[in-house]
Amino acid sequence: MLWVRLQWVFDRNRSQPDDQGMIDLTGKVFIVTGGNGGIGLGMAEGIAMSGGSLAIWGRNPQKNADALDKLTAITDEHGGKASAYVCDVGDEKAIIDTMDQTVSDMGRMDGLFANAGRGGTGTPFVDLSLDEWREVMTVNLDGVFLTLREASKRLISQGEGGSLVAVSSTSAVHGAAGNEAYGTAKTALNGLVRALAVGMARHKIRVNSLLPGWTITELASGGYESDVFRNATIKRTPVRRWADPAEFREVGAFLADPGQTYHTGQEVCVDGGYTVF
Ligand SMILES: NC(=O)c1ccc[n+]([C@@H]2O[C@H](COP(=O)([O-])OP(=O)(O)OC[C@H]3O[C@@H](n4cnc5c(N)ncnc54)[C@H](OP(=O)(O)O)[C@@H]3O)[C@@H](O)[C@H]2O)c1
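Heads up: the sequence shown begins at 38 in my numbering, then just goes up one per residue.
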């Protein structure tokens, strides 16, 4: 009799094999800026595969529509829903308006991935104009500040915690030679994340940064298509290749996961070992 009872308790508490390691984002809504392609779409797919709902923001309506088709196919299967909005994160009013629209359409918001970004202008440092410097900062730094600020307001007023992520870069660790404005913006994001993580902890809002390594996307296509550049970066990458954006699915779901209550203020590096080699 005692054995039967113990066996029942054990069976009840034991995880089923297919439950192990799963992240459940059912009922949660995440915004991914720049979610219509590359790393942002990879993370959005991971969230959708974990049952979450998505709102992606980008400037290009056709890229938004194509990405929305892909995400809807996943959310139809896993129970969430997906939406897409045209928004330029270099425009403060557009961010405020799109945030209003998104939360009104989706009903709530549990986190935001400030992933939208652009490359540098390629101008040698001694010729770099203030306008070019500001072009890069407007999207890669001001845009992240503004989207995180608006998301913080929503999460605080909702009062249920949440997750904020800034997509930085390994350029914040190694010298981004010839890409000074980009490297400066990405390094600044890590400072913003650390400051915000401390201030937001009392609201149960976690704030982390993601540092991707070399990944085959539109933004990095110039580097990937250059044999010299690609081979040089692969030589410095212990796993000996560039990443596919789909490899950011798992880390996207992980960073979104409300179960990660003790994980904040951190830089999560996904770079095939580039920064330690
Ligand atoms: N690929 C890499 O090797 C690498 C390495 C380290 C860090 N990162 C970072 O990862 C993030 C994603 O880049 P990715 O490599 O995945 O490149 P990507 O495929 O070109 O994606 C960039 C995304 O940002 C959006 N975007 C660009 N400017 C925007 C603006 N002003 N307003 C709103 N959305 C904007 C783009 O959509 P629209 O064109 O529709 O606006 C696109 O969805 C960036 O922050 C990048 O700096 C990339």
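Positions of the beta carbon are idealized from the N, C-alpha and C atoms, including for glycine.
Where G89 is concerned, there is no enclosing beta strand (DSSP E), because DSSP gives it neither an H nor an E. A check of alpha carbon separations from V123 across T112, T139, T158 and H240 identifies T139 as the nearest.
Just measuring C-alpha positions, the residue of G159, D168, A209 and M237 sitting nearest S194 is M237. For E129, the enclosing alpha helix (DSSP H) begins and ends at E129 to M143. In this structure, the straight-line span from the alpha carbon of I60 to that of V288 is close to 11 Å. Contact between the segment 63 to 71 and the segment 143 to 152 is established, with three or more Cβ pairs separated by less than 8 Å. Spanning the alpha carbons of A203 and L167 requires a straight line of approximately 24 Å. Residue pairing for C306: DSSP places it in a beta bridge opposite L248. In this structure, the straight-line span from the alpha carbon of E172 to that of G159 is close to 12 Å. Using a cutoff of 8 Å, the CB of E255 counts as near ligand 1, since one of the ligand's heavy atoms is closer than that. Looking at Q99, L108, E187 and G75, the one whose alpha-carbon comes closest to that of D128 is E187. Counting along the chain, the unbroken alpha helix (DSSP H) around V173 starts and ends at L167 to M174.
For S194, the secondary structure class from DSSP, reduced to helix, strand or coil, is helix. Taking a 10 Å sphere around the C-beta of F182, we find 16 or more other C-beta atoms and assign the residue as buried. Taking the Cβ atoms as the reference, G79 lies roughly 15 Å from L62, outside the contact range of under 8 Å. Annotated as distal: I111 and N101, with beta-carbon spacing of 9 Å or more.
The criterion of a C-beta distance shorter than 9 Å is satisfied by K223 and A209.
Collapsing the DSSP output to three states places G148 in a strand. Taking all protein chains shown into account, R243 has 16 or more neighbouring C-beta atoms within 10 Å of its C-beta and is therefore buried. By a beta-carbon distance limit of 8 Å, G83 contacts A290. Their separation comes to about 4 Å. When rounded, the separation of the alpha-carbon atoms in D281 and T252 is 6 Å. If you compare the alpha carbons of A293, D137, G215 and E255 with that of L201, the shortest gap goes to A293. Around the beta carbon of T298, a 10 Å sphere encloses fewer than 16 other beta carbons of the protein chains shown; the residue is thus reported as exposed.
Placement of the Cβ of G212 at a distance of 8 Å or more from every heavy atom of ligand 1 is found. G212 counts as exposed, since fewer than 16 other beta carbons sit within 10 angstroms of its beta carbon. Counted as a single uninterrupted DSSP element, the stretch harbouring V235 is not any beta strand (DSSP E) but the alpha helix (DSSP H) occupying residues E217 to M237. With fewer than 16 other Cβ atoms from the protein chains shown falling within 10 Å of its own Cβ, K272 counts as exposed. Residue environment for F162: exposed (fewer than 16 other C-beta atoms within 10 angstroms of its C-beta). Assigned with DSSP and collapsed to three states, I271 falls in helix.
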